[in-house]
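Below you'll find the structure, written out as structure tokens, and then a few comments.
Chains as they are written, first to last, in the working numbering: chain A, 1 to 277; chain B, 278 to 603.
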């Protein structure tokens with residue numbers, strides 16, 4: 001069980017992460033706002049409550065692996081990593097700039113702590129499964145977990161379903177997929193662009209333990225992850241229902257904020273709203 | 278005349294012929310015995326690609342993905358990130374034909390040691406027809422950074438190449454033909470990634486033929502026929518298309534009048550393109566390209582198709598004679 005005290009702490013960090021995201025995107029002048037803000041709670045929860053990792057030793061062999069499949073929400077990943085101590089907070093302002101370690105989409109050769117380079121959609125789950133299967137060959141009693149974060153629009157890509165099918169076959173228990181179910185993608189609402197429902201039933205029919213939770217509730221997330229970690233003989237997927245642009249009313253639930261950055265004025269407005277109470 | 282690197286029986290009418298994929302299958306088995314990091318992954322073509330030799334010996338290190346070439350490439354990338362050295366095999370048409378972006382981004386952009394093995398490359402698939410004849414694969418692989426591209430000339434070399442790429446920490450693409458191919462090299466022929474060598478040399482050659490894969494045999498037949506009619510040549514086996522052995526190639530072509538590339542691939546973007554780029558930069562020369570001329574393949578026996586697409590030794594010989602007369 002997660003304590004109220006821990007939840008308060010996570011809420012504070014998530015708020016800082018959202019402010020970081022706005023500052024980074026304004027400075028960069030481009031990037032993906034809605035998904036980054038929407039996933040701030042999930043990423044904060046994972047990096048500050050769930051993951052077994054050592055920010056000062058990113059290559060630590062026994063770490064859990066977090067694979068970000070929809071690499072365009074890199075700002076939230078970078079912000080939580082900086083807050084967790086992987087690199088100095090000041091470096092966030094180099095996002096998307098020449099010679100920066102914070103490439104527009106994450107590249108593992110540039111920044112220690114990035115498990116794979118991503119951007120082109122649909123290939124993260126295959127890689128996470130590959131990592132889990134390799135670990136199973138090396139150490140069948142391993143207690144590492146492999147978390148793969150995916151967008152919902154990304155599920156249009158057929159390769160995901162190859163990976164879901166294969167993971168179901170392998171009955172691999174330490175693979176946990178988390179879907180950012182925010183219902184937007186570049187061209188509009190996912191339910192218009194390419195409807196995904198019934199999504200839960202799709203995953204279940206592929207042999208996955210499936211849960212649907214509020215992606216902004218640390219209690220719900222905690223309960224879901226604990227359950228997922230204790231499932232035997234099955235991979236687990238958590239559909240995290242989130243509000244894209246969460247925390248800034250102007251940006252919330254609007255597909256046009258999927259792929260653009262705030263202007264300086266919009267950024268100031270967003271930060272004053274985020275820090276209002 | 279043949280060099281020490283050639284099979285001395287290569288011109289015999291009963292020269293031994295072995296499918297290249299058999300060399301790969303044996304090589305992978307041996308690599309697997311040498312190094313327990315080696316993993317085999319296959320997309321429903323286990324026996325066709327001869328990976329079953331490895332899978333039978335090491336079932337715990339073999340993964341069957343079914344017909345999922347894109348997933349297979351990324352899965353291998355994930356395994357490599359955990360320290361494995363995965364070999365992924367299918368037909369060239371699908372691997373790398375179907376899964377190019379996964380190879381480019383999840384394997385090469387990450388620079389992890391996944392070995393992409395494509396069999397049934399070229400028109401030699403024969404009766405299956407043009408849909409299955411990968412003759413564009415080298416062109417799509419050449420521009421990808423970090424990737425070695427190797428096209429062995431025969432089964433003996435395919436085995437050596439498999440063992441060699443198993444030892445590097447880089448991505449590689451190994452291109453194999455389906456049909457039985459005459460052995461043009463011998464057990465003692467040294468194999469080193471990125472190092473071309475001559476299989477035929479005459480003094481003061483007028484022509485340099487640079488070949489890969491089954492075309493090394495055709496080039497040798499052509500070299501012998503040309504020698505008999507008084508045209509001296511050198512034949513190089515440039516099994517590694519990337520990194521191309523620029524030094525050796527430039528050394529051999531320096532005093533020739535004509536350079537010939539020979540491959541079972543479109544003339545666009547393959548070995549010929551790589552050599553033309555090298556020559557244009559360093560040593561412009563007259564060049565002819567033996568390869569498929571912007572057409573798709575079709576059904577037929579490998580021999581019929583080699584003739585139809587101008588890949589047989591007779592066509593090579595006549596094109597060289599014509600070019601020298603121009």
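Beta carbons: idealized from backbone N, C-alpha and C, even for Gly. Keep in mind it's a predicted model, so treat the numbers as computed, not measured.
Would you mind working out which of B/471, B/414, B/332 and B/535 sits nearest residue 368 of chain B, comparing C-alpha positions?
B/414
Give me the chain B residues within the contact set of residue 109 of chain A, using Cβ-Cβ distance strictly less than 7 Å, ordered along the chain.
388
In the DSSP assignment, find the unbroken beta strand (DSSP E) run with residue 339 of chain B in it and report its ends.
339 to 341
For residue 130 of chain A, decide whether its Cβ has a neighbour in chain B, counting only Cβ atoms nearer than 7 Å.
yes
How about the segment 555 to 569 of chain B and the segment 379 to 388 of chain B: do they share at least three Cβ pairs that are nearer than 8 Å?
no
Three-pair Cβ contact test at 8 Å for the segment 472 to 490 of chain B versus the segment 511 to 531 of chain B
Yes, since at least three Cβ pairs between the segment 472 to 490 of chain B and the segment 511 to 531 of chain B fall closer than 8 Å, the two stretches touch.
Please report how far the alpha carbon of residue 70 of chain A lies from the alpha carbon of residue 489 of chain B, in whole angstroms.
40 Å
Report the three-state DSSP secondary structure of residue 504 of chain B (helix, strand or coil).
helix
List the endpoints of the continuous alpha helix (DSSP H) containing residue 229 of chain A.
218 to 229
Which residue from B/564, B/460 and B/508 puts its Cα closest to that of residue 544 of chain B?
B/564
Against chain B, with Cβ distances strictly below 7 Å, would residue 69 of chain A count as a contact?
no
Please name the residue or residues paired with residue 455 of chain B in a DSSP beta bridge.
In the DSSP output, where bridge partners are listed per residue, residue 455 of chain B has none listed.
Pick from A/89, A/267, A/274 and A/272 that is closest to residue 26 of chain A, judged by C-alpha positions:
The candidate whose alpha carbon is nearest that of residue 26 of chain A is A/267.
So which of B/573, B/457 and B/433 has the shortest CA-CA distance to residue 467 of chain B?
B/433
Between which residues of its own chain and residue 481 of chain B is the CB-CB distance below 8 Å, once the five residues before and five after are set aside?
509 and 532
Excluding sequence positions up to five away, which residues of its chain have a Cβ less than 6 Å from the Cβ of residue 235 of chain A?
Excluding residues within five positions, the ones whose Cβ falls inside 6 Å are 167, 172, 175 and 208.
At a Cβ cut of 8 Å, what residues of the segment 368 to 395 of chain B count as close to chain A, listed as they run along the chain?
Of all residues in the segment 368 to 395 of chain B, 378, 379, 382, 383, 386, 387 and 388 have a Cβ within less than 8 Å of some Cβ in chain A.
Please confirm if residue 278 of chain B has its CB atom under 7 Å from at least one CB of chain A.
False, the Cβ-Cβ gap to chain A never drops below 7 Å.
So is residue 348 of chain B in contact with chain A if we call contact Cβ pairs under 7 Å?
yes
The alpha helix (DSSP H) with residue 36 of chain A in it runs from where to where?
34 to 38
Entirely within the segment 22 to 86 of chain A and at least 4 residues each: give me those alpha helix (DSSP H) ranges in chain order.
34 to 38, 40 to 45 and 74 to 84
DSSP three-state label for residue 430 of chain B, please.
DSSP places residue 430 of chain B in coil when its eight states are reduced to three.
Rounded to whole angstroms, how far is the Cβ of residue 615 of chain B from the Cβ of residue 439 of chain B, which I believe are closer than 8 Å?
What the structure shows of chain B is the stretch from 278 to 603, and residue 615 of chain B is not part of that stretch, so it cannot be assessed.
Given that residue 137 of chain A touches chain B, what residues does it touch there, using C-beta distances under 8 Å?
316, 337, 338 and 361
Identify the residues that DSSP records as bridge partners of residue 209 of chain A: which are they?
A/236
Limits of the alpha helix (DSSP H) - the one that residue 269 of chain A falls within:
264 to 274
Same chain only: Cβ atoms within 7 Å of residue 133 of chain A, ignoring 5 sequence neighbours per side
Excluding positions up to five away in sequence, the list reads 170 and 172.
Neighbourhood of residue 39 of chain A by C-beta, 7 Å cutoff - its chain only, sequence neighbours within 5 removed:
Taken in chain order, the residues that qualify are 73, 76, 180 and 242.
Looking only at its chain, what residues have a beta carbon closer than 6 Å to the beta carbon of residue 271 of chain A, apart from the 5 residues adjacent to it on each side?
Closer than 6 Å at the Cβ level, and outside the excluded window around residue 271 of chain A, lie 19 and 22.
Considering just the uninterrupted stretch of the beta strand (DSSP E) at residue 566 of chain B, what are its terminal residues?
Residue 566 of chain B: member of the beta strand (DSSP E) spanning 563 to 569, first to last residue.
Does chain B have any CB closer than 7 Å to the CB of residue 123 of chain A?
yes
Suppose you measure from the CA of residue 231 of chain A to the CA of residue 224 of chain A; what does that come to, to the nearest Å?
11 Å
Could you check if residue 257 of chain A is buried or exposed, using at least 16 other CB atoms within 10 Å of its CB as the buried criterion?
Answer is buried; the Cβ neighbour count reaches 16.
Do you know offhand how far residue 83 of chain A's Cα is from residue 89 of chain A's?
7 Å
Starting from the beta carbon of residue 342 of chain B, find every residue of chain A whose beta carbon is closer than 8 Å, and list them in chain order.
162 and 166
Rounded to the nearest angstrom, how far is the Cβ of residue 527 of chain B from that of residue 559 of chain B, given a contact under 8 Å?
6 Å
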